[in-house]
Amino acid sequence: MIYTGVDIAKADHLIGAIDEHGAKACRPMASKNTEAGLERAVAWLEGLAESLAWRPRVTTG
22 MIYTGVDIAK ADHLIGAIDE HGAKACRPMA SKNTEAGLER AVAWLEGLAE SLAWRPRVTT
82 G
């Protein structure tokens, strides 16, 4: 499972993602508080979902 968070600000936003263990799933991405920035953020999230969807689930124990 991947959790994402957005640090919202007046001019710039920062989006990050971690896995269920709290490890970074990828590098954070900055985007502007504009329509183009929002479109870029959505594309980034969709790309993240696609890139992580193929990963096999690993369990221990």
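According to this note's numbering, the residues represented by the sequence shown are 22 to 82, in order.
Don't be surprised by glycine CBs; every beta carbon is placed ideally from N, CA and C.
As the structure is a prediction and not an experimental result, all values here were calculated from the model.
- Under DSSP, Ser52 shares a beta bridge with His34.
- Of the residues Leu69, Arg61, Ser72, Tyr24, the one whose Cα lies closest to the Cα of His42 is Tyr24.
- In its chain, beyond the 5 residues on either side, Gly26, Pro49 have a beta carbon closer than 6 Å to the beta carbon of Gly37.
- When the five nearest sequence neighbours on each side are left out, the beta carbons in the same chain lying within less than 6 Å of the beta carbon of Ser52 are those of His34, Gly58, Arg61, Ala62, in order along the chain.
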